[in-house]
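Note sheet for the following structure.
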Amino acid sequence: QAWYLSTTLRKCCERHFFWDMNQCMGILAEGTEKWYVDYLALTCVKDCEGVSPCGGVAEAWDELFKDKKECCEVKMPWT
Numbered sequence: 003q004a005w006y007l008s009t010t011l012r013k014c015c016e017r018h019f020f021w022d023m024n025q026c027m028g029i030l031a032e033g034t035e036k037w038y039v040d041y042l043a044l045t046c047v048k049d050c051e052g053v054s055p056c057g058g059v060a061e062a063w064d065e066l067f068k069d070k071k072e073c074c075e076v077k078m079p080w081t
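Residues 3 to 81 in the numbering used here are what the sequence shown spells out, letter by letter.
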């Protein structure tokens, strides 16, 4: 059971929560105010926390765009 114990928070996060280091370490992500596509909502949303048009902080894999028009044209050209 020693495998579950770590000497530091960083080592614990690296071993058990490597997929979300920021949250494990208590680091809050901040948005960029750029735009990314939300495929569930079928629209582009802003990389920020709060009410619409914010869609939450983008994930590392989300491609970001300078404005909503560019985001929609590139990621959802059928709309």
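A virtual CB, placed ideally from N, CA and C, is assigned to each residue, including glycine. Everything numeric in this text was worked out from a predicted model, so none of it was measured.
Cα-Cα separation, residue i to residue j
i, j, result
"Thr45", "Glu75", "11 Å"
"Pro55", "Trp21", "27 Å"
"Thr17", "Trp63", "What sits at residue 17 in the sequence shown is Arg, not Thr. Going from the Cα of Arg17 to the Cα of Trp63 covers about 22 Å."
"Met23", "Met78", "31 Å"
"Trp36", "Val47", "Per the sequence shown, residue 36 should be read as Lys rather than Trp. Straight-line Cα distance between these residues: approximately 8 Å."
"Ala4", "Ala31", "31 Å"
Counted within 10 angstroms of its Cβ, other Cβ atoms place residue i as buried (16 or more) or exposed
i, result
"Trp80", "exposed"
"Gly28", "exposed"
"Phe19", "exposed"
C-beta atoms of residue i and residue j nearer than 9 Å
i, j, result
"Glu53", "Gly33", "Reading off the sequence shown, one finds Val at residue 53, where the question assumed Glu. Going by C-beta atoms, Val53 is not nearer than 9 Å to Gly33."
"Glu65", "Tyr38", "yes"
"Asp49", "Gly57", "yes"
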